[in-house]
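Q: Under this note's numbering, the first residue of the sequence shown is numbered 95, with each subsequent residue one higher. Once you've had a glance at the structure underneath, I'll fire off some questions.
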Amino acid sequence: VIAGQWAAAEFGALCRLWEAGVPVPYPVQILDTEVLLQFIGSADGSAAAPRLAQLRHDTADLVDLWRQLVEALCIMARAGLTHGDLSAYNLLWWEDRLVLIDLPQAVEFTTNTDAFELLHRDVANVGEWFGRRGVAVDVEAVYGELVAMAWMG
95 VIAGQWAAAE
105 FGALCRLWEA
115 GVPVPYPVQI
125 LDTEVLLQFI
135 GSADGSAAAP
145 RLAQLRHDTA
155 DLVDLWRQLV
165 EALCIMARAG
175 LTHGDLSAYN
185 LLWWEDRLVL
195 IDLPQAVEFT
205 TNTDAFELLH
215 RDVANVGEWF
225 GRRGVAVDVE
235 AVYGELVAMA
245 WMG
């Protein structure tokens, strides 16, 4: 029962985020405890998009990827959600674009008292990853901007 609730929560979050314009895999369907999503990778299915954590910093424009991520987080905040477990392992990279994945723990700002703490942890986790690779990141400024967007909707 709990696995079905997690799947339903993730599917609901993915649908909401997809409709808001967040770069997430298209949510195809939910069946019991399984969520079927769009494949992110080559058109013929021979290569799946790697996780950002697997990316060599010399193969991508990390400044642009950070910009894409902040933009996605802004859209999420305006939609009233935070990822809740964001890291370089929950981001895919394909053809110079980021895609957010693994969203069963996404939470709403209006219903979860820990949402803003989770948002800060999300920004700090990914900010640290990008910062270690030479990208100028101001975690507190980004967090402040996201909090303002979450409050304003």
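Every residue, glycine too, gets a C-beta built ideally from N, C-alpha and C.
When you compare each of N206, A147, A101, Y183 to D126 by their alpha carbons, which one comes out closest?
A: Ranking the options by Cα distance to D126, first place goes to A101.
Q: Measure from the alpha carbon of G174 to the alpha carbon of each residue in A97, V241, I124, then state which is nearest.
A: V241
Q: To which residues does DSSP link P144 through a beta bridge?
A: According to DSSP, P144 bridges with nothing at all.
Q: May I ask you to report which of helix, strand or coil DSSP gives I124?
A: strand
Q: How many whole angstroms separate the CB atoms of I195 and P119, which I take to be in contact at a CB cut-off of 8 Å?
A: With a contact defined as Cβ atoms closer than 8 Å, I195 and P119 qualify at about 7 Å.
Q: Return the chain-ordered list of same chain residues with a C-beta closer than 6 Å to the C-beta of L159, the five sequence neighbours on each side being excluded.
A: L192
Q: What number of angstroms, rounded off, separates the C-alpha of Q132 from the C-alpha of D138?
A: 13 Å
Q: V129 bridges to which residues according to DSSP?
A: I124
Q: Within the same chain, show all residues whose beta-carbon is closer than 8 Å to that of W187, passing over the 5 residues directly before and after it, in chain order.
A: Residues A143, P144, R145, L146, L149, A154, L159, V193 of the same chain have their beta carbon placed closer than 8 Å to that of W187, with the five preceding and five following residues left out of the count.
Q: What is the DSSP secondary structure of R227, reduced to helix, strand or coil?
A: Coil, per DSSP.
Q: Using CA atoms only, rank isn't needed, just tell me which of A114, M243, S140, V95 is closest to L213.
A: M243
Q: Can you tell me which of the three DSSP states E189 falls into?
A: coil
Q: Enumerate, from N- to C-terminal direction, the unbroken beta strand (DSSP E) stretches of 3 or more residues contained entirely within the segment 147-211.
A: You should have 185-188, 191-194.
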